[in-house]
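When the letters of the sequence shown are read in order and numbered with this note's numbering, they come out as residues 857 to 1173.
C-beta: ideal position from N, C-alpha, C; glycine also.
None of the values given here were measured: they were computed from a predicted structure.
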Amino acid sequence: MLHVDPIFAATSVAPATLAAGGEAVPPPFTVARVLTETRLDSWLALGLVLAAGLYLYGVYRLRLRGDRWPVVRTVCFLGPGLGGIAAVTVSGLGAYDTALLSVHMVQHMVLSMIAPIFLALGAPVTLALRTLPVRPRKRLLAIVHSRIARVYSFPLVAFAIFVVNPFALYFTGLYEITLRHEWAHELVHAHFIMTGCVFFWPLLGLDPLPGRWPYPARALLMLLSVPFHTVLGLTIMQSTTLLGGDWYPSLHLSWSDPWNDQVVAGGVLWAGGEFVSVTMLAVLVVQWIKQSEREARRLDRELDRQEARQRAAEASA
């Protein structure tokens, strides 16, 4: 049985507009449907609401006791972070992710690159450590510093997972399985988010993670990731076979050609991947400069204290 989103099944279509398996094919893709059609019946939507509620509750707890929490962190986490995930999964855009490969690639970019970056900049682990009671805080620290966390957050391991996974997904039979089975389709969404978090959290995140590399090494690793999406995008654009097997032709979309859409999808990965990677490289350099400035101010304060102690010792002598 083919998996088609509820928006498609609810659309009145003539018998000639049926895909293989007897399911209704989607109506033409328009901006209006992206803005008006929303799905709130998935576990991912529930998870987004729960994550937003917990984060806001943590900020509220901090303010109750008079502590500050940077507004920009809250905006990053709730806006481009959780909001970016919602924009490509529970909106009308998510309703077309099994009909258009180009839409799926937009999802791929947001879920694996854009949203994880801003989730990391929101520093949710730091927020939890500052608001949780003693026992849950110790458990969270034990998880963060566990052997499994050390292995997966090690930059080279995270880089390998980030680079290899898309090739394993799109150039094997796994991608077709995600199109035909909704549970696999939802699972790959979560996989994209986790892969992005594992890669970007140690590089750009503000949380206290174990084994974090110095900024020059992080910048080098980010630079090495720049051509990755270029290679993947060009490979998809020049492929002589359709991703997903016969899934897209079986939909018989009169308003979209699977081959042309695959070229667009490869272009989305190529252009979008380079733009995000170069932008995040710039963000990393800015963080590096700010960290150097903080270190310089710390050294200046330490030198001032040493001079003050020396003057006091000379005066007393």
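Please classify residue i as buried or exposed, where buried requires at least 16 neighbouring CB atoms within 10 angstroms.
{"i": "ARG929", "result": "buried"}
{"i": "TRP846", "result": "Residue 846 lies beyond the range of the chain shown here (857 to 1173); nothing can be said about it."}
{"i": "GLY878", "result": "Any answer about GLY878 is weak, because its pLDDT of 41 lies below 50 and its placement is not dependable; what the coordinates show is given next. Exposed: under 16 other Cβ atoms inside 10 Å."}
{"i": "VAL1132", "result": "buried"}
{"i": "PHE1023", "result": "exposed"}
{"i": "ARG1074", "result": "buried"}
{"i": "ILE1145", "result": "exposed"}
{"i": "VAL1134", "result": "exposed"}
{"i": "VAL1044", "result": "buried"}
{"i": "ILE999", "result": "exposed"}
{"i": "ASP1160", "result": "exposed"}
{"i": "LEU906", "result": "exposed"}
{"i": "HIS1001", "result": "exposed"}
{"i": "GLY1061", "result": "buried"}
{"i": "PRO992", "result": "exposed"}
With DSSP run on the structure shown, which of helix, strand or coil describes residue i?
{"i": "ARG1167", "result": "helix"}
{"i": "SER1133", "result": "helix"}
{"i": "ALA1175", "result": "It is not possible to answer for residue 1175, since the shown part of the chain is limited to 857 through 1173."}
{"i": "TRP1126", "result": "helix"}
{"i": "VAL946", "result": "coil"}
{"i": "LEU956", "result": "coil"}
{"i": "SER1002", "result": "coil"}
{"i": "ARG929", "result": "helix"}
{"i": "ALA908", "result": "helix"}
{"i": "THR1086", "result": "helix"}
{"i": "ASP1102", "result": "coil"}
{"i": "ALA984", "result": "helix"}
{"i": "LEU1109", "result": "coil"}
{"i": "GLN1094", "result": "coil"}
{"i": "ALA951", "result": "helix"}
{"i": "GLY914", "result": "helix"}
{"i": "THR1051", "result": "helix"}
{"i": "LEU1219", "result": "Examination of residue 1219 is not possible in this model, given that the chain is present from 857 through 1173 alone."}
{"i": "PRO992", "result": "helix"}
{"i": "HIS964", "result": "helix"}
Could you check whether residue j and residue i sit closer than 8 Å to each other, using their CB atoms as the reference points?
{"i": "ALA901", "j": "VAL946", "result": "yes"}
{"i": "GLY1052", "j": "LEU967", "result": "yes"}
{"i": "TRP899", "j": "GLU1038", "result": "no"}
{"i": "HIS1085", "j": "LEU1025", "result": "no"}
{"i": "GLY948", "j": "VAL890", "result": "yes"}
{"i": "ALA979", "j": "ASP1063", "result": "yes"}
{"i": "ILE1092", "j": "LEU1099", "result": "yes"}
{"i": "ALA1040", "j": "ILE1049", "result": "no"}
{"i": "VAL1019", "j": "VAL1013", "result": "no"}
{"i": "GLY1123", "j": "GLY1089", "result": "yes"}
{"i": "LEU934", "j": "TYR911", "result": "yes"}
{"i": "VAL1174", "j": "ILE1017", "result": "The displayed coordinates of the chain run from 857 to 1173. Any statement about residue 1174 would go beyond what the structure contains."}
{"i": "SER958", "j": "ALA1121", "result": "yes"}
Leaving aside the five residues before and after residue i along the sequence, list all residues of the same chain whose C-beta is less than 8 Å from its C-beta, in chain order.
{"i": "LEU918", "result": "ARG924, TRP925, LEU983, ARG986, THR987"}
{"i": "PHE1056", "result": "MET969, PRO972, ILE973, ALA976, MET1136"}
{"i": "GLN963", "result": "VAL944, THR945, LEU949, GLY950, ASP953, HIS1045, PHE1048"}
{"i": "HIS960", "result": "ASP953, THR954, ALA1121"}
{"i": "ASN1021", "result": "HIS1047, THR1051"}
Return the Cβ separation of residue i and residue j in integer angstroms, given the expectation that the two are a contact with Cβ distance under 8 Å.
{"i": "PHE974", "j": "GLY914", "result": "Contact doesn't hold; Cβ gap of about 17 Å is too wide."}
{"i": "LEU956", "j": "ASP1113", "result": "So it is not a contact: roughly 11 Å between Cβ atoms."}
{"i": "MET1078", "j": "LEU997", "result": "Actually they do not touch by this definition, with Cβ atoms about 27 Å apart."}
{"i": "TRP1111", "j": "PRO884", "result": "4 Å"}
{"i": "GLN1147", "j": "TYR1071", "result": "6 Å"}
{"i": "GLY1067", "j": "MET965", "result": "Contact doesn't hold; Cβ gap of about 28 Å is too wide."}
Skipping 5 residues on each side, what residues in its chain have a beta carbon closer than 6 Å to that of residue i?
{"i": "LEU1065", "result": "SER1009, PRO1058"}
{"i": "VAL927", "result": "none"}
{"i": "ARG932", "result": "Before going further, note that residue 932 is Cys rather than Arg in the sequence given. Closer than 6 Å at the Cβ level, and outside the excluded window around CYS932, lie PHE974, LEU977, GLY978."}
{"i": "TRP1069", "result": "PRO1011"}
Here's a check: name, in chain order, each residue in its chain whose Cβ is nearer than 7 Å to the Cβ of residue i, leaving out the five neighbours to either side.
{"i": "GLU1130", "result": "VAL1082, HIS1085, THR1086"}
{"i": "ARG1150", "result": "none"}
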